[in-house]
Each structure stands twice: as structure tokens, then as C-alpha cells.
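**Student:**
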Ligand SMILES: C[S@@+](CC[C@H](N)C(=O)[O-])C[C@H]1O[C@@H](n2cnc3c(N)ncnc32)[C@H](O)[C@@H]1O
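In this note's numbering, the protein residues as written are 1 to 346.
1) Pull up the DSSP beta-bridge partners for residue 49, would you.
2) Taking the runs of the alpha helix (DSSP H) that are 4 residues or longer, which of them lie wholly in the stretch 200–255?
3) Could you have a look at residue 326 and say whether DSSP puts it in helix, strand or coil?
4) Do residue 108 and ligand 1 come close, with the Cβ less than 7 Å from some heavy atom?
5) Given that a residue counts as buried once 16 or more other Cβ atoms are within 10 Å of its Cβ, and exposed if not, what is residue 82?
6) Report the CB separation of residue 172 from residue 143 in whole angstroms; it is logged as a contact under 8 Å.
7) Could you check where the alpha helix (DSSP H) with residue 176 kicks off and where it finishes?
8) Is it buried or exposed, residue 66, if we count other Cβ atoms within 10 angstroms and call 16 or more buried?
9) Counting only the same chain and skipping the five closest in sequence on each side, list residues whose C-beta sits under 8 Å from that of residue 284.
10) Identify every residue that forms a DSSP beta bridge with residue 187.
11) Can residue 347 be considered in contact with ligand 1, in the sense that its beta carbon sits closer than 7 Å to one or more heavy atoms?
12) Counting beta carbon pairs with one atom in the stretch 174–190 and one in the stretch 201–214, are three or more of them shorter than 8 Å?
13) How close, in whole Å, do the beta carbons of residue 226 and residue 193 come, if the pair is a contact with beta carbons under 8 Å?
14) For residue 320, which of 41, 203, 232 has the nearest alpha-carbon?
15) Ignore the nearest five residues each way along the sequence and tell me which others in residue 199's own chain have a CB closer than 7 Å to its CB.
16) Would DSSP call residue 97 helix, strand or coil?
17) Answer yes or no: do residue 268 and residue 310 have a C-beta to C-beta separation smaller than 8 Å?
18) Hey, does residue 298 have any beta-carbon neighbour from chain C nearer than 8 Å?
19) In three-state DSSP terms, what is residue 159?
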């Protein structure tokens, strides 16, 4: 879709019902009802479209331009991680949930790699393709609301790349804990919204510093941090809700052609394109709706940031981190009480 086409979309892939009698019937869930017109009529800001399913007010556009950026980011990460789809030590996963699935590209590749698994991707935006592997399906759902899936259901839950989207991360991880089977794994990967540089020949008020402040300020105002991986905060939240065997893998995601290692140079080249292409989308909603900038100011800031990132001299990069952890094997999630507890019972 071009940026100026009507902000309305056709019904995406139909919701798939699993009627094989294994207790995993997706039609049980309210969230599988067909998409209403509000969900399909995206909000528009200066010609870019944004989700309208919930009042989550998610900050990234959901149009083709930004979705291409997501897919490019996916390929860049496969390149960075030597083609690995995940790090958790999974054994024959059968029920998999991808939270904030985006274009669904990870979920589909995972479904292809594990043909006996059922993979569900959930997202605020119905931006996934119509034709998907038979064992992958997608639902429009707000992950911050209560989940309609059964507890103790999934072998693996994968919330990937959600900075700036979540107001209550501990609650998200607690939900993931409850909906995992005992022994199941969670894996959260994210990037830092902060661009850094190795060579300090940039003035302190350079455009990248301003961009970093932009995301800090926006996170403070919206209450949705853009830094869930800072100080391994995501790993701490996982431990706090009861996960064990918490592992953290940290890495730098280099921008541009400056790395000497050939693979990292290729990552850097992809990343520079991603930053250049994605930048307007990153700045638009937060800039004009949250931080009070004009559209023109955002354009000027983006142009300056693109020029700075293009210069290999500064050795720019941002940090990434993947944390994975296990729900203890003996811990079934308690079914929620339907009756109030008798007096005196804990
Ligand atoms: C940066 S994209 C990442 C997409 C995908 N995981 C990837 O790595 O390519 C974040 C996605 O999370 C979705 N999202 C944001 N808030 C959400 C919420 N509360 N519930 C469900 N999805 C959400 C957005 O619509 C977007 O598609």
C-alpha cells in the first residue's frame, strides 16, 4: 500500500480453528471473532497508518513501509545470530505463542521448522499475510489485556521487540508464566532505543543525543519504557515472577559499513537502511502526539539523523539483548478462583 492510499484494509487471513479435539480450539476465544470495521480502519497521521484495534496507542506505523522495515530487521537479526531463530533450549515444542508478532515472519519460519507445533501470533494489527503455513495462525489481540488462552498451555512464549509498547512488563511476564506449561520457556528479545557511538567526535547536543532524549522523554510521558533491557531489567522481571534458569545474551547491533568483520559489515549495511527507512515512522506519532513537535520538525530531525548515521566515522550502534528463562517443571499455574476464598483461608 502506498502512503497515500485509503487507510482501510481487507480482512486478513481468516482465523484458523483447531478442531482436532486436542483441547486447543482457537475458536474458544473471544479474540478470534472476525475483525470489526474499527480494527480495519487504521488511524492516520500525516499519511502514515497506525493500529486502531485498542486504545494502546502503539507508536510505530503499521503500513507497508514500516512493515518492510520489520522484515528487514528480522533478516538482519538472523544474520547477526548466525541464522538462529531462538536461544532457549527447546525440545519438541508443540504450543508456541508469538506476542506482538508484527508481520508474522518469525512465527511462520518457526512453524516451518517445527511442523508438528501449533504457532499462534498475536498483534494489535492484522498485518500478517493471507497464506501461512498450516500450523501457524494469527489473532488480533491486545497482549496487555487478559489472555483468553488456557493457563499451562504453551511450551514457548516469544515476546520479541516490544520496547515502547508495554506499560506493565511484570504483568506481561506474569501472564506468560501462567500460560506456559510447567517446564516451558519464555524468550524476550529487544533493542535499546538509544544510539551510541564509539568515537566521541560528536558534539554533546548532536542529533543522536537528541534522538535518545526523545525516546526517554516519550517513555516517561506514555509510561511505556523504551529501555526494558537496560541493566538486564527484563531478566529481573522474569526472576521476580518465578522464572528460573534465566539467561541473558547481550550484543551490539552495528550501524553502517564501519565493522571490519564481513558478517557484521553486512549487518551494519542492513541496519543503516533500516534506520534510514524506519526513522520517520519511529518519530511521527511520539513526536507529534506526545512530545509536541510539528511534522516539519520531525522531518528535519530525521534528515539530520540520517546524514549522521551515514558517516562511518562515528562507529554508531545500539544494544540488543535476549533473555530466556524457564517456568519450573513442577509449577502448575493455579486455576483462578471462581468463588471468594472462605474466611481465614489464604
Ligand atoms: C516492533 S514490532 C515487532 C514485530 C515482530 N515481533 C518482529 O520482531 O518483527 C512490535 C509489534 O508489537 C505489536 N504490539 C504493540 N503493542 C501490543 C500489544 N499491547 N498487544 C499486542 N501486540 C502489540 C505492534 O503492533 C507491532 O506489530
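All C-beta atoms in this analysis are idealised placements derived from N, C-alpha and C, irrespective of residue type, glycine included.
Given the structure is predicted, the values throughout are model-derived calculations rather than measurements.
**Tutor:** Taking the coordinates as given:
1) Partner(s): 44.
2) Those alpha helix (DSSP H) runs which fall completely within the stretch 200–255 and span 4+ residues are 207–222, 233–240.
3) In this structure, residue 326 counts as strand in the three-state DSSP scheme.
4) No; taking the cut-off as 7 Å, the Cβ of residue 108 has no heavy atom of ligand 1 nearer than that.
5) Counting Cβ neighbours within 10 Å, residue 82 comes out exposed, since fewer than 16 surround it.
6) About 6 Å separates the two Cβ atoms, so the contact holds.
7) Segment 169–179, the alpha helix (DSSP H) holding residue 176.
8) Taking a 10 Å sphere around the C-beta of residue 66, we find 16 or more other C-beta atoms and assign the residue as buried.
9) Closer than 8 Å at the Cβ level, and outside the excluded window around residue 284, lie 45, 46, 48, 61, 295, 298.
10) Bridge partners of residue 187: 324.
11) Look at the range of the chain in this structure, 1 to 346, and you will see that residue 347 is not part of it.
12) The stretch 201–214 vs the stretch 174–190: no contact.
13) About 4 Å separates the two Cβ atoms, so the contact holds.
14) The option with the nearest alpha carbon to residue 320 is 232.
15) Only 313, 314, 315 meet the Cβ criterion.
16) It is a strand residue.
17) No. Outside cutoff.
18) Among the protein chains of the structure shown there is no chain C, as only one such chain exists.
19) In the structure shown, residue 159 sits in a strand (DSSP, three-state: E or B).
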